[in-house]
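Just so we're on the same page, my numbering is the position in the sequence shown counted from 1, plus 89.
See below for the structure under consideration.
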Amino acid sequence: MALIERDRQFEHLFRSFDDSPQGKGLLAVISGSVAVGKSRLLHTLSEKAADNGAIVLTATASQADHKLPLEVVNQLFSALPAGREDRAELDLLLRKGAVAAMWSELETETVPQMWAQIMQRLWGVVLRAAMEAPVLIAVDDAHYADAPSSQCLLYFARRLRSSSVRLVLTELESRTPAHPCVDPEFLRLPHCDRVRLSPLSERGVAALLQERPGSRLSRACHDLTGGNPLLVHALMADQRGSPAAGQAEGQSAPPLVLGEEFSQAVLSCLHRGGEDMLELARGMAILGPAATPELLAELLGMNPAHVPLVMRALRGTGLLRGDAFRHPHIRATIVNALGQDHRSGLHVQAAQLLHESGAEATTVAEHLVLAGVADLPWMPEVLEEAARHALAEDRVKFAISCLELARRASDESERLRLTVSLAVAEWRHNASRAVRHLPELAAGVRARRLTGDTLVTTMKFLLWYGRVDDAAAALSEVSGQEEALRQWLACSHPSLLDKAAKEPPAPRHMVPATAAGLEAEATTALFTVLAEGGSEEAISQAETVLESSRLDETTMEPITSSLLALIYADRVEKAGHWCRILLDEAISRRAPSWQAMLTAIDAEIALRRGALPRAERSADAALSQLSAAGWGVWVALPLSSLLQSVIAMGKLDKASCRLSQPVPEAMFRSRFGLQYLYARGQYFLATERFRAALNDFTRCGALMTDWRLDLPEFIPWRTKAAVAHIEMGHYEQARRLISEQLKLLGPGRSRARGHSLRLLAATSELRKRPGLLKEAIDVLQASGDRLELAWALTDLSQAQRALGEAGRAQMTARIASQVAEDCGAKPLLAAQAHGHRDRPRDDAQPAVPSGDGGAENGNGAAHGIRTLSDAERRVAALAARGDTNHEIARSLFITVSTVEQHLTRVYRKLNVSGRTELPTELCVMAMGPGQSGGVPMPGPAPDDATPAGPALRRDLEACP
């Protein structure tokens, strides 16, 4: 194989030997870092000399043979032919030399004299050989030569100038004073030629790889190896069969594989560099970014003055870039090569040194976690502090490791408190795993070993997982309860508050005043909304919390409470805005439990806006992100949203499957159980089990009344109970429930009022229905509930048809159909059209008129509408919804004649014979914003869109 970036040095050495006159010897020392090609250059030079007829005597010194007397000299002279006349003399000299070397420690005058005589006679053997042919003595890794051999070589070197002998040594450059290079006397000789080798350049690496200079592979390889040929060859060996192998230039390719071959080459470099280099590399690998010369010296017990020297030598291997390893794999290789005890001991030492030097708790804790040891008094405290920082930085797994180690190393009183912190941290990452701590926490509560905030946190944790009795025991230990805690219980777990009220706790532990703040604000907002309705003050409180909060373990509960407060106050748009922002944050920070909770809330928002497909997707996603055990009693939130959305879309089999799955019994003792009862009742309605449905709705209502949570905006149970009564023919009971709900709601424009007005119309005389339904449409339009809006429009269409207003009924039905398609509820409307109120059928077919007429539909209709002028579109939209020419003229402040002219042109452009054949899209436009620039073009509404613009009641005034 050709020498790469070493040919100049080779030619220099060989030419010097070849050009030197007879009787004039030469000395050369080849220096360089580990594995830069010194041995290969020496071997190539030896082969060339042998090919040219020289006698070549070779030897390789090693650390293992460093203490064997005359090991190197023995290797050299063993290369002489066995049949030489002086062979016997040579063998005798070597035996005597070995004996003399062993006696040299006696420091007698006899030994030096004997040793000098032996070296003189050995040199005589070399000279006699040189008379036959030029002699090349080549010693690799001469810095490891045993002392007697080194003395013998120096003796030869001093006598080279008057001989035909060439002596070439290789040495490891930049070694420490404790392990010097070859004897400095060699380098001081005037005829010594020192040749230095450097790592390969990027161009040299490309040549070694037989790649084009500047190629992606050569650049990456040089970057990983620093040009060390040993590392380059090992790296390429690891690529065999990898995706990176054979990648064409210019193609995107996976990164190079750093495998076993590369790891072994790394360790080989370090071992060949000597003990100091190996130890320094280990220290740097253990300390990582915190490594400084001072810390390394303390950790390794190394002379501080030697550290820079060894660092320079280590840098020459190509393993470092600056003062750090080129790649994490190099560091990992060095650490993994240590024995477990050795590695653990170094990490403990590093933690101690870093702690004493004032390093950050996280830096110290990393070493303690890797060592698995925290047996000094200061260590658990540092680990706990590090866990707090790690959670703030979203390093949840590391925080959990810190808390687990601190918990193992703490006494019994501290261990339970740390278990609470550990459970909270685990909950963010894996809510199911946190369940394992429940028995210990429950036992700690009953043993009265928790106090203050930790006790309250434990109580809430137990309630999440349905351990109501254990939570009650915790509550009995909390005295002087803050109003915020009582409010939290009242709106989330009111059954527990009732129990506490009946059994007043004895004064024991006071809840610290620091429990106030965002949590108190959010709790008060939710409590106020559920108990009294959505006041502006409560809404403002909720928004303040959302504006002030960043997701973490302490703010997650206030955030969810504030979002739900906005939802139950009918501020769904605001809740949706904040939920999207927070959900994006949870996703980017890889927090599965946070993501699941916010996705569940997103499903509830979508459901209340009538975006059924989105509600289904979000609820499914939330339920898949946490297991049933991880959800605890909160499972009712995504489950109820899923059930209501799929029922409304006619997917009864899916609803049945979900209802067959078990839920926690404790859920029915919380606010979340109310939502589950309400959703399950709707399934019973859809499957014509009216008594079962009524039972669920009335049970839900009774609990809401008992718990003082009877807010129709939260759960309008009376409307669904009224539907069940209507289906069973109990019209008076239905009217009574609806009247009760309207009285609770007052004159506002909430979605619950829209529901109630629609059902009130269903129980009223036919002639009164249109007025009630138009009012319901107006309210539902304002609240953004497109699902109920579609129902109300369909009911109005049926009422108009019953009153003999077929044309207006058809127009209203077409609008209803469009709105229903937007929210994904056409099967429900089809079922209603078949006479089954509020009960979709899986096999139902739409019964609303399609409105095909002679007009183009779909893309064709849209294209035709785009040909209309702004004025024509405004007139056509009003005509499509049923306005007369006079009504259109009054609305647009134009003459009747102008209206007629516009309509004539519209009919011609759309190829229709009259206003009854106008496309459905124009009906929907009449509901949109009346902009000066004209009516917007039709298109599918997004999942989270709401009908905009003026109220539909005004739009339907033409339908008395």
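Glycine included, every Cβ here is placed at the ideal spot set by N, Cα and C.
Model, not experiment: these values are computed from the prediction.
Residue(s) in a DSSP beta bridge with residue i
i    : result
I119 : T259 and V284
D229 : T149
I144 : V224
V437 : Answer is none; V437 lacks a bridge partner.
L409 : F414
V254 : V224
V424 : V424 pairs with nothing; no bridge assigned.
Proximity below 8 Å, CB of residue i to CB of residue j
i     : j     : result
A744  : V752  : no
S253  : G114  : yes
V224  : A143  : yes
Y767  : L728  : no
Q1051 : T1005 : Since the first and last residues shown for the chain are 90 and 1049, residue 1051 lies out of range.
A914  : A755  : no
L480  : A488  : yes
L861  : L878  : no
L564  : L530  : no
S433  : G411  : no
R697  : D874  : yes
L389  : G372  : yes
L652  : I628  : no
L320  : G407  : yes
C491  : L505  : no
V485  : A514  : yes
Delimiting residues of the alpha helix (DSSP H) encompassing residue i
i    : result
H132 : K127 to D140
W516 : E501 to H518
K113 : That residue, K113, is in no alpha helix (DSSP H); it is neither H nor E in DSSP.
D542 : G541 to W553
I983 : Here I983 belongs to no alpha helix (DSSP H), and DSSP marks it neither H nor E.
G860 : R858 to S872
Q733 : A725 to A737
Q830 : Y820 to L834
K743 : L741 to L748
D272 : Premise fails: D272 is in no alpha helix (DSSP H) and is neither H nor E.
H844 : R840 to A851
I904 : A895 to C912
S167 : From DSSP, S167 is part of no alpha helix (DSSP H); its letter is neither H nor E.
N392 : Taken as a continuous stretch (DSSP letters only), N392 belongs to no alpha helix (DSSP H), as it is neither H nor E.
K156 : Run containing K156: none; DSSP gives neither H nor E here.
Sequence-distant residues of its chain with Cβ nearer than 6 Å to residue i (five each side left out)
i     : result
L833  : P801
G719  : A520 and S521
E610  : Q630 and V634
R842  : L834 and V868
L831  : S845
F786  : G770, W806, K809 and A810
E1121 : There is simply no residue 1121 to check, as the chain begins at 90 and stops at 1049 in what is shown.
R292  : P302
H478  : T451
Cut-off 8 Å between Cβ atoms - residues of its own chain near residue i, not counting five sequence neighbours on either side
i    : result
Q164 : T147, A148 and T149
L278 : L116, A246 and R247
R535 : D559 and A562
E989 : N974
T547 : V509, L530, G533, V534, L539 and A563
Residues near residue i by beta carbon distance below 7 Å, same chain, minus five either side
i    : result
K137 : F103
A711 : A685, T688, A689, A692 and P727
A960 : H991
G942 : Because the pLDDT at G942 is just 36, under 50, the model does not fix this residue reliably, and the value given afterwards should be weighed accordingly. Result list for G942: V1001, T1005 and E1006, in chain order.
R928 : Low per-residue confidence applies at R928: pLDDT is 42, beneath 50, and the placement is therefore not dependable enough to give any value.
L216 : S252
A813 : L774, F779, A782, L783 and F786
beta-carbon residue i near the ligand ZN non-hydrogen atom, thresh 7 Å
i    : result
L389 : Among the components modelled here there is no ligand, and therefore nothing to report on the ligand ZN.
Practice prompt. Please list the segments of the alpha helix (DSSP H) lying wholly inside the stretch 638-718, counting only runs of 4 or more residues, in order along the chain.
Written response: 645-657, 661-677, 681-697 and 701-714
Discussion item. My parser needs the alpha helix (DSSP H) runs of 4 or more residues fully inside the stretch 445-489; what are they?
Written reply: 450-460 and 468-481
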